[in-house]
Amino acid sequence: MTQILIIDDDPAMRLRLQHIVERVYGPGTCSVADSLAAARGLLSLLVFDLAFLDVGLPDGSGVTLLPWIRERVPTLEVVIVSSLGDDATVLQAIRAGAIGYLLKNGDDMELELSLRSLQRGGAPIDPVIARRILLQVSAAAPPTSEEELPLPSEVPAKATAELTERELEVLKLVAQGYSNREISESLEVTINTIEAHAKKIFRKLEVRSRSAAVHSATQKGWLG
């Protein structure tokens with residue numbers, strides 16, 4: 001019997017997921033946790049095959065649990081089920097080891113179909129998110145011919161030095177899925193300061209969004 005852990009601090013959402021999961025996997029397969037600490041406790045004591053993990057938990061971002069799971073419970077498969085679906089959070093979760101990303105605003109039938117796909121070995125991704133990822137991959141595709149490659153004089157110089165230590169610190173927190181307000185609280189500065197850093201990062205990387213900044217920095221190897 002597949003043993004499943006639901007990690008979510010919303011009682012109504014936990015119950016909803018439990019009903020959907022038990023329709024797919026059978027009754028008696030679910031355990032629940034309402035925080036990162038509770039999840040770590042259960043994962044240290046019991047063996048689970050699959051976890052459904054929320055991002056917005058009371059003691060931190062659910063994405064931060066993924067490296068812990070990868071190190072201590074490498075056989076556990078994790079699917080994010082969250083109301084947060086911005087590109088930075090999605091990409092960070094997938095890079096950290098999530099095998100799927102579903103949105104809570106999907107109806108029960110959509111979630112059930114995604115779980116049945118997972119049963120068959122699929123990687124469930126909400127269609128809206130999947131479309132955005134495909135567009136990003138397409139936009140980031142390398143040139144297809146030599147004529148499209150830039151001449152040596154046109155290749156931009158390595159820009160690592162252009163980012164200050166604080167700007168790089170902010171960018172790393174953005175990549176982890178933190179909002180500007182959460183970053184300001186973490187670094188103990190005002191949100192206006194963080195927004196100013198973000199504008200400078202966007203300008204230096206020649207991008208217009210958080211996700212594009214994360215993608216650009218990841219391609220350059222700055223977030224490794």
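The sequence shown lines up with residues 1 to 224 when you count with our numbering. Just so you know, even glycine gets a beta-carbon here, dropped at the ideal spot from N, CA and C. Remember, predicted model here, so these are calculated numbers, not experimental data.
Restricted to the stretch 88–143, the alpha helix (DSSP H) segments that are unbroken, complete and at least 4 residues in length are 108–119 and 127–139, listed in chain order. Where E77 is concerned, the enclosing beta strand (DSSP E) starts and stops at E77 to S82. For the pair E167 and I133, the CB atoms are not nearer than the 9 Å cut-off. In this structure, the straight-line span from the alpha carbon of A33 to that of L53 is close to 10 Å. With contacts defined by Cβ atoms closer than 9 Å, V55 and A93 form a contacting pair.
Counted as a single uninterrupted DSSP element, the stretch harbouring F48 is not any beta strand (DSSP E), since DSSP gives it neither H nor E. Counting only runs of 4+ residues, the alpha helix (DSSP H) found wholly inside the stretch 160–216 occupies 165–175, 180–187 and 191–205, in chain order. Between L36 and I80, the CB-CB gap reaches or exceeds 9 Å. Within the same chain, L163, I201, A213, V214, A217, W222 and L223 come within 8 Å of L171 by CB-CB distance, once the 5 residues on both sides are set aside. In the structure shown, V32 falls within a strand segment according to DSSP collapsed to helix, strand and coil.
G56 carries a strand assignment under DSSP once its states are collapsed to helix, strand and coil.
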